[in-house]
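Visitor: A single structure is presented below for examination.
In my numbering, the protein residues as written are -17 to 201.
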């Protein structure tokens, strides 16, 4: 049970490394950054939530976690509680929750309460996290290029719009919608190429290969 139901903070599994029993694991839902403007003489409000970027943005979310310390003497538990608190309190960590093993969060953790009773100990945590759960394994597409346009289908299975990293082994011309540019060999981030959720198509021609890599995100 400790191995199955635990939280991973960076590379530390709370059950395997510390022997803690996970009692609370509440992942918050990020609040949309909505923007409603009341206009005199108009029914309802004007919704400008997507006016700036064309998509909704989100605030950070707040998670809550709780653990029981069951093993050892009271003194041994206190030593372990101090160790865990030192590793987590005030620290920004990558967090992998048991119900989303293929994703990680990025959050700053606060130890909100800890008690060491005669028979067991308790610790409560709060994590203020970025809105997204990021996929642990990035998505990668590789294409061998020729002197004519090659169509590259890129599926973003998440809901977060992402800007792919583009690695080329030779001079390459890339087209995405109405945008076309030519890049030399190297690794590039082109702000005019971003993948919303769903199927995105890039066209490329040149020499060598092109590799596109992006990290999907869900809420």
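Even for Gly, the Cβ is constructed at its ideal location relative to N, Cα and C.
So if DSSP puts residue 113 in a beta bridge, which residue, or which two residues, is it bridged to?
Guide: Its beta-bridge partners do not exist; DSSP assigns none.
Visitor: Give the C-beta separation of residue 187 and residue 151 to the nearest angstrom, bearing in mind that I take them to be a contact with Cβ-Cβ under 8 Å.
Guide: For residue 187 against residue 151, the beta-carbon gap comes to about 13 Å, at or over 8 Å, which does not count as contact.
Visitor: Examine chain B for any beta-carbon lying closer than 7 Å to the beta-carbon of residue 134, and answer yes or no.
Guide: Absent from the structure: chain B. Only one protein chain is present.
Visitor: Hey, would you say residue 181 sits closer than 7 Å to residue 137, going by beta carbons?
Guide: In this structure, residue 137 lies closer than 7 Å to residue 181 by Cβ.
Visitor: Terminal residues of the continuous alpha helix (DSSP H) containing residue 58?
Guide: 56 to 70
Visitor: Cβ of residue 176 within 7 Å of Cβ of residue 145?
Guide: yes
Visitor: Quick one: measure Cβ to Cβ for residue 103 and residue 63, integer angstroms, because I've assumed they're closer than 8 Å.
Guide: 6 Å
Visitor: Verify whether the separation of the beta carbon atoms of residue 109 and residue 42 is less than 7 Å.
Guide: no
Visitor: Taking 8 Å as the threshold, find out whether the region 51 to 61 comes into contact with the region 31 to 39 through three or more Cβ pairs.
Guide: no
Visitor: Does DSSP classify residue 102 as helix, strand or coil?
Guide: Three-state result, residue 102: coil.
Visitor: Exposed or buried, residue 120, counting other C-beta atoms within 10 Å across all chains shown (16 or more means buried)?
Guide: exposed
Visitor: Sorted by chain position, which residues of the same chain lie with C-beta nearer than 7 Å to residue 10's C-beta, five sequence neighbours on each side aside?
Guide: 43, 44 and 45
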